[in-house]
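Numbering (the working numbering), first residue to last: 1 to 124.
Don't be surprised by glycine CBs; every beta carbon is placed ideally from N, CA and C.
Note that the structure is predicted; figures quoted are calculated from it, not measured.
Just below is one structure, and these are the notes that go with it.
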Amino acid sequence: MSGVWVFNKNGVMRLVENPYNQSAGDSPESSSTGSNQQQRLRRKILVHLPTNEVVSSYGSLERILKGLGWERYYNEDNTEHLLQFHKRTSIDLISLPRDFSKFNSIHMYDIVVKNTNVFHVRDM
1 MSGVWVFNKN GVMRLVENPY NQSAGDSPES SSTGSNQQQR LRRKILVHLP TNEVVSSYGS
61 LERILKGLGW ERYYNEDNTE HLLQFHKRTS IDLISLPRDF SKFNSIHMYD IVVKNTNVFH
121 VRDM
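Next up, the structure:
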(Lines of atoms letter the chains of each structure in order from A and count residues from 1; the text may use other names and numbers.)
(Lines give C-alpha, C1' and ligand atoms only; values in the text may rest on other atoms or scores of the structure.)
Protein backbone atom coordinates (compact mmCIF):
# COMPACT_ATOMS: atom_id res chain seq x y z
CA MET A 1 0.00 0.00 0.00
CA SER A 2 1.96 2.97 -1.26
CA GLY A 3 0.86 6.45 -2.05
CA VAL A 4 0.35 9.88 -0.62
CA TRP A 5 -2.17 10.99 1.98
CA VAL A 6 -3.93 14.23 0.97
CA PHE A 7 -6.65 16.35 2.52
CA ASN A 8 -9.87 16.95 0.56
CA LYS A 9 -11.46 20.40 0.56
CA ASN A 10 -13.79 19.27 3.35
CA GLY A 11 -10.85 18.32 5.59
CA VAL A 12 -11.11 14.54 5.17
CA MET A 13 -7.85 12.73 4.52
CA ARG A 14 -7.65 10.16 1.71
CA LEU A 15 -4.94 8.00 0.17
CA VAL A 16 -3.89 8.74 -3.40
CA GLU A 17 -2.23 5.49 -4.39
CA ASN A 18 0.91 5.45 -6.55
CA PRO A 19 0.46 9.02 -7.80
CA TYR A 20 3.45 8.69 -10.14
CA ASN A 21 2.56 5.27 -11.56
CA GLN A 22 2.49 5.96 -15.28
CA SER A 23 0.89 3.92 -18.00
CA ALA A 24 2.64 3.28 -21.30
CA GLY A 25 3.06 6.44 -23.36
CA ASP A 26 2.77 8.88 -20.45
CA SER A 27 5.73 11.07 -19.75
CA PRO A 28 6.65 12.60 -16.42
CA GLU A 29 6.58 16.04 -18.03
CA SER A 30 2.96 15.75 -19.16
CA SER A 31 0.49 17.96 -17.38
CA SER A 32 -1.55 15.96 -14.91
CA THR A 33 -5.13 16.88 -14.20
CA GLY A 34 -7.18 14.98 -11.67
CA SER A 35 -8.73 12.73 -14.32
CA ASN A 36 -5.37 11.97 -15.98
CA GLN A 37 -3.91 11.12 -12.59
CA GLN A 38 -6.87 8.87 -11.82
CA GLN A 39 -6.37 7.01 -15.11
CA ARG A 40 -2.72 6.35 -14.27
CA LEU A 41 -3.54 4.84 -10.90
CA ARG A 42 -3.84 1.09 -10.79
CA ARG A 43 -7.31 -0.15 -10.06
CA LYS A 44 -7.62 -2.37 -7.00
CA ILE A 45 -9.81 -5.41 -6.47
CA LEU A 46 -10.87 -7.17 -3.28
CA VAL A 47 -10.40 -10.94 -3.37
CA HIS A 48 -11.95 -13.46 -0.99
CA LEU A 49 -8.99 -15.81 -0.44
CA PRO A 50 -10.74 -19.11 0.46
CA THR A 51 -12.73 -19.09 -2.80
CA ASN A 52 -10.47 -16.79 -4.86
CA GLU A 53 -13.66 -14.82 -5.69
CA VAL A 54 -13.36 -11.19 -6.74
CA VAL A 55 -15.86 -9.07 -4.84
CA SER A 56 -17.77 -7.35 -7.63
CA SER A 57 -20.91 -6.21 -5.80
CA TYR A 58 -22.22 -5.51 -2.34
CA GLY A 59 -24.42 -8.59 -2.68
CA SER A 60 -21.41 -10.89 -2.93
CA LEU A 61 -19.57 -8.99 -0.19
CA GLU A 62 -22.56 -9.16 2.17
CA ARG A 63 -22.92 -12.91 1.56
CA ILE A 64 -19.24 -13.49 2.45
CA LEU A 65 -19.35 -11.18 5.48
CA LYS A 66 -22.49 -12.90 6.82
CA GLY A 67 -20.65 -16.21 6.58
CA LEU A 68 -17.89 -14.70 8.72
CA GLY A 69 -20.32 -13.56 11.43
CA TRP A 70 -20.87 -9.97 10.30
CA GLU A 71 -24.39 -8.51 10.40
CA ARG A 72 -25.89 -5.47 8.72
CA TYR A 73 -26.04 -2.53 11.09
CA TYR A 74 -28.99 -0.23 10.48
CA ASN A 75 -28.50 3.30 11.77
CA GLU A 76 -31.34 5.69 10.92
CA ASP A 77 -28.93 8.61 10.50
CA ASN A 78 -26.73 6.95 7.86
CA THR A 79 -28.98 4.55 5.94
CA GLU A 80 -29.14 6.68 2.81
CA HIS A 81 -25.36 7.18 2.55
CA LEU A 82 -23.73 4.15 4.16
CA LEU A 83 -23.89 0.39 4.40
CA GLN A 84 -22.57 -0.76 7.75
CA PHE A 85 -21.66 -4.16 9.15
CA HIS A 86 -20.78 -5.17 12.71
CA LYS A 87 -19.83 -8.30 14.62
CA ARG A 88 -21.45 -9.06 17.93
CA THR A 89 -18.15 -10.47 19.21
CA SER A 90 -16.14 -7.29 18.59
CA ILE A 91 -16.37 -3.53 18.53
CA ASP A 92 -15.44 -3.38 14.85
CA LEU A 93 -17.70 -1.60 12.38
CA ILE A 94 -17.27 -1.64 8.61
CA SER A 95 -18.73 1.44 6.92
CA LEU A 96 -19.06 1.48 3.14
CA PRO A 97 -20.54 4.01 0.73
CA ARG A 98 -23.99 2.92 -0.45
CA ASP A 99 -22.93 3.43 -4.08
CA PHE A 100 -20.62 0.53 -5.07
CA SER A 101 -18.89 2.75 -7.66
CA LYS A 102 -17.48 4.75 -4.72
CA PHE A 103 -16.12 1.59 -3.06
CA ASN A 104 -12.34 2.10 -3.17
CA SER A 105 -9.08 0.74 -1.81
CA ILE A 106 -9.48 2.48 1.56
CA HIS A 107 -12.70 0.52 2.15
CA MET A 108 -11.04 -2.66 0.86
CA TYR A 109 -8.10 -2.34 3.26
CA ASP A 110 -10.54 -1.70 6.13
CA ILE A 111 -12.22 -5.03 5.33
CA VAL A 112 -8.85 -6.79 5.05
CA VAL A 113 -7.66 -5.50 8.45
CA LYS A 114 -10.89 -6.53 10.18
CA ASN A 115 -10.88 -9.99 8.57
CA THR A 116 -7.31 -11.21 8.80
CA ASN A 117 -6.29 -13.90 6.27
CA VAL A 118 -9.71 -13.88 4.59
CA PHE A 119 -9.44 -11.04 2.07
CA HIS A 120 -6.64 -9.56 -0.02
CA VAL A 121 -6.39 -6.39 -2.11
CA ARG A 122 -4.74 -6.85 -5.50
CA ASP A 123 -3.86 -4.65 -8.45
CA MET A 124 -6.04 -5.29 -11.43
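Using 10 angstroms around the beta-carbon of residue 120, count the other beta-carbons present and answer buried if the total reaches 16, otherwise exposed. Position 120 of the sequence shown, counting from 1, holds the residue named residue 120. By the neighbour-count rule (16 or more Cβ atoms within 10 Å), residue 120 is not buried but exposed.
Distance, Cα to Cα, residue 62 vs residue 52? Counting from one through the sequence shown, the residue named residue 62 turns up at place 62. Counting from one through the sequence shown, the residue named residue 52 turns up at place 52. Roughly 16 Å between the two C-alpha positions.
Going by DSSP in three states, residue 7 sits in which element: helix, strand or coil? Against the sequence shown, residue 7 aligns to sequence position 7. Strand, per DSSP.
Helix, strand or coil at residue 94 according to DSSP, with G and I counted as helix: As a position in the sequence shown, residue 94 is number 94, starting the count at 1. In the three-state scheme derived from DSSP, where H, G and I count as helix and E and B as strand, residue 94 is classed as strand.
Helix or strand or just coil, what does DSSP make of residue 124? What you label residue 124 is simply residue 124 of the sequence shown in a count that begins at 1. Residue 124 falls in the coil class under three-state DSSP.
Based on the DSSP output, what are the partners of residue 44 in its beta bridges? Here residue 44 refers to the residue found at position 44 of the sequence shown. Paired residues: 123.
Pair every Cβ in the region 6–13 with every Cβ in the region 78–87, then say whether three or more of these pairs are closer than 8 Å. With the cut-off at 8 Å, the region 6–13 and the region 78–87 do not touch.
Taking just the CA atoms, how far does residue 96 sit from residue 103? For the purposes of this step, residue 103 is taken as the residue at position 103 of the sequence shown. For the purposes of this step, residue 96 is taken as the residue at position 96 of the sequence shown. Linking residue 103 to residue 96 through their CA atoms gives a straight-line distance of about 7 Å.
Verify whether the separation of the beta carbon atoms of residue 86 and residue 74 is less than 8 Å. Position 86 of the sequence shown, counted from the first residue, corresponds to residue 86. Position 74 of the sequence shown, counted from the first residue, corresponds to residue 74. Against a cut-off of 8 Å, the Cβ pair of residue 74 and residue 86 comes out as no contact.
For residue 122 and residue 76, the rounded distance between their alpha carbons: Position 76 of the sequence shown holds residue 76. Position 122 of the sequence shown holds residue 122. In this structure, the CA atom of residue 76 is about 34 Å from the CA atom of residue 122.
Between which two residues does the alpha helix (DSSP H) carrying residue 63 extend? Counting from one through the sequence shown, the residue named residue 63 turns up at place 63. Taken as a continuous stretch (DSSP letters only), the alpha helix (DSSP H) holding residue 63 covers 58–67.
Would residue 94 pass as a contact of residue 106 if the rule is Cβ separation under 8 Å? In the sequence shown, residue 94 corresponds to position 94, counting from 1. In the sequence shown, residue 106 corresponds to position 106, counting from 1. Remark: C-beta atoms of residue 94 and residue 106 do not approach each other more closely than 8 Å.
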